[in-house]
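Note sheet for the following structure.
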Amino acid sequence: MDAQTLVGVGLYTPSEAGRLIGVQPQKIIRWLRGHAVGGKHYDPLWKPQIDLEDGHTYISFRDMLEARVAAELIKAGISPQKLRRAIDLATEVMGERPLATQWLKTDGKSVFLQIAKDNLDEEPECLDLFKKQYAFPRVVKDSLRDIEFDGNYPAKWWPRGQKAGILIDPERSFGKPIEQETSVPAEQLANAVKAEGSIEKAAKAWSVSVKAVRKAVAFQEQIASAVLAA
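In this text, residue positions in the sequence shown follow UniProt numbering: the first is 1, and each later residue adds one.
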């Protein structure tokens, strides 16, 4: 996969994605590559979209948003093993991966409920979570918030909400967070403040508004101080 192929896909390291979605990078790697515990092997939750064939794990825009949904579902009480079965079943129904799609908001509920009820003697807390069907829509709604869809698929994401003014669009800057009004990567504007010595000087150097630089700095500070889910 070359740079041309990555346009519209987005490219992130596990560390970058982890800071953006609030999940430990090693956890994301386990989900996408599988892992072994106590001599038992656990398969990946899904195959990552990007493979540069260099032995490292890379994450696409869609992988990142799916990991965000997976983290919320696991936090709500679904084990990774049960989630893997749900993904497999939903993929058979849809013909593709189900997480972070509009489908998950609607028909996805019945598939996850079916998975939750597969083994009545296994993980009763998961059955308790889903028996009244109220928790699943809430978890999905929270997981997919601030995402703009193109049809059924995620197209853009406002990681701190639209008011924060920072947008992630895989069609622009390989999916790096950009200041929405200027389209300049937030990291570059924040680094300019360090290089120039002030927000005002950075704004002048980049020919952008002071407000745009402040938004970028605030965003970079937020993700730098984010507490990642263990």
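All residues carry an ideal CB built from backbone N, CA and C; glycine is no exception.
These figures come from a predicted structure and were not determined experimentally.
Tell me whether residue i sits in a helix, a strand or coil according to DSSP, three-state version.
i: lysine 40; result: strand
i: leucine 120; result: Note on leucine 120: pLDDT 49, under 50, position unreliable in the model; no value is reported.
i: aspartate 63; result: helix
i: proline 185; result: strand
i: valine 23; result: strand
If the criterion is Cβ atoms closer than 9 angstroms, does the pair residue i and residue j meet it?
i: lysine 215; j: alanine 164; result: yes
i: leucine 228; j: glycine 22; result: yes
i: threonine 57; j: leucine 73; result: no
i: glutamate 181; j: valine 208; result: yes
i: aspartate 142; j: proline 159; result: no
i: alanine 202; j: glutamate 221; result: no
i: alanine 224; j: arginine 19; result: yes
i: proline 44; j: glycine 34; result: yes
i: proline 185; j: phenylalanine 61; result: no
i: tyrosine 42; j: proline 80; result: yes
i: valine 213; j: glutamate 179; result: yes
Answer with buried or exposed for residue i, where buried requires no fewer than 16 other C-beta atoms within 10 angstroms of its C-beta.
i: threonine 101; result: buried
i: proline 124; result: Its pLDDT being 46, under 50, proline 124 is placed unreliably by the model, and the measurement read from it follows with that caveat. Exposed is the call here.
i: aspartate 169; result: buried
i: leucine 120; result: Unreliable placement is indicated for leucine 120, whose pLDDT of 49 sits below 50; the coordinate value is still reported in the next sentence. Burial call: exposed.
i: leucine 52; result: exposed
i: proline 177; result: buried
i: glycine 108; result: buried
i: alanine 192; result: buried
i: aspartate 63; result: buried
i: alanine 71; result: buried
i: alanine 90; result: buried
i: proline 137; result: exposed
i: alanine 36; result: exposed
i: lysine 82; result: buried
i: lysine 75; result: exposed
i: lysine 27; result: buried
Name the one or two DSSP bridge partners that residue i has.
i: tyrosine 12; result: Ile59
i: phenylalanine 149; result: Pro154
i: isoleucine 178; result: Leu167, Pro185
Are the C-beta atoms of residue i and some chain B residue less than 9 angstroms apart?
i: isoleucine 115; result: Judged by its chain identifiers, the structure shown contains no chain B, having just a single protein chain.
For residue i and residue j, which I take to be in contact (beta-carbon distance under 8 angstroms), what is that distance rounded to the nearest angstrom?
i: tryptophan 46; j: isoleucine 87; result: 6 angstroms
i: alanine 17; j: isoleucine 50; result: Going by Cβ atoms, the distance from alanine 17 to isoleucine 50 rounds to 11 angstroms, so no, they are not a contact pair.
i: leucine 11; j: phenylalanine 219; result: Contact flag wrong, Cβ pair sits at about 19 angstroms.
i: glutamate 148; j: arginine 97; result: With a Cβ gap of about 19 angstroms, glutamate 148 and arginine 97 do not count as contacting.
i: valine 93; j: valine 111; result: 6 angstroms
i: leucine 144; j: lysine 105; result: 7 angstroms
i: glycine 8; j: glutamate 200; result: Incorrect: roughly 35 angstroms between the Cβ atoms, too far for contact.
i: asparagine 152; j: tryptophan 103; result: 6 angstroms
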